[in-house]
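Undergrad: Residue numbers (this note's numbering): 289 to 423. Take a look at this one; I'll ask things after.
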């Protein structure tokens with residue numbers, strides 16, 4: 289029995305996954321993906337530098353690590369409304385908001401949000417792209 293085609297296919301998939309990971313890390317904007325419980329699953333290099341939080345300190349944490357306390361009620365109301373409706377109010381248009389940084393300071397960022405679905409169309413999380421707001 290020849291396993292070469294199976295091994296080669298697996299190697300190609302592994303290389304593709306590694307390449308996709310590298311692409312996401314090299315995006316010019318911060319990429320944050322959280323599951324339906326708001327647990328961060330994806331945090332790229334730009335997110336590390338923008339929010340001053342290392343990937344290892346962001347993955348598996350709540351989005352609260354980047355949401356200023358005084359904005360959390362409004363954020364969570366919008367988050368749960370989007371999840372319930374399976375739709376975002378802004379439909380991907382960016383919004384300027386204040387973000388909490390890892391050093392405790394805040395800054396303004398422009399963020400665009402989308403809902404993330406699996407291959408069967410089930411809602412599995414929320415994706416945000418962010419960049420520092422231009423003055």
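Note that the Cβ used here is the ideal one computed from N, Cα and C, for glycine as well. In this text, all values refer to a predicted model and were calculated from it rather than measured experimentally.
1. Hey, quick one: how far does the beta strand (DSSP E) through residue 386 stretch, first residue to last?
2. Going along the chain, which residues of its own chain have a beta-carbon closer than 6 angstroms to the beta-carbon of residue 408, five neighbours each way excluded?
3. Within 10 angstroms of its Cβ, does residue 351 collect 16 or more other Cβ (buried), or is it exposed?
4. Checking the sheet assignment: what are the DSSP bridge partners for residue 360?
5. Whole angstroms is fine: what's the gap from residue 370's alpha carbon to residue 382's?
6. Report the rounded CA-to-CA distance for residue 395 versus residue 338, giving the unit in angstroms.
7. Check whether the Cβ atoms of residue 387 and residue 341 sit closer than 8 angstroms, and answer yes or no.
8. With a floor of 4 residues, list each alpha helix (DSSP H) that falls wholly inside the segment 301-373, ordered by position along the chain.
9. Among 366, 346, 332, 374, which has the Cα closest to the Cα of residue 312?
10. Looking at the secondary structure, which residues open and close the beta strand (DSSP E) in which residue 413 lies?
TA: Looking at the coordinates:
1. For residue 386, the enclosing beta strand (DSSP E) has its first and last residue at 383-388.
2. Once the five neighbours on either side are set aside, residue 408 has no close Cβ partner at all.
3. Its Cβ being crowded by 16 or more others within 10 Å, residue 351 is buried.
4. Looking at the DSSP output, residue 360 bridges to nothing.
5. In this structure, the CA atom of residue 370 is about 15 angstroms from the CA atom of residue 382.
6. A direct Cα-Cα distance of roughly 9 angstroms separates residue 395 from residue 338.
7. In this structure, residue 387 keeps its C-beta atom at 8 angstroms or more from the C-beta atom of residue 341.
8. Within the segment 301-373, the complete alpha helix (DSSP H) segments at least 4 residues long are 333-339, 343-346, 360-373, listed from N- to C-terminus.
9. Selected option, being the one with the closest Cα: 332.
10. In the DSSP annotation of this structure, the continuous segment of the beta strand (DSSP E) that includes residue 413 starts and ends at 411-420.
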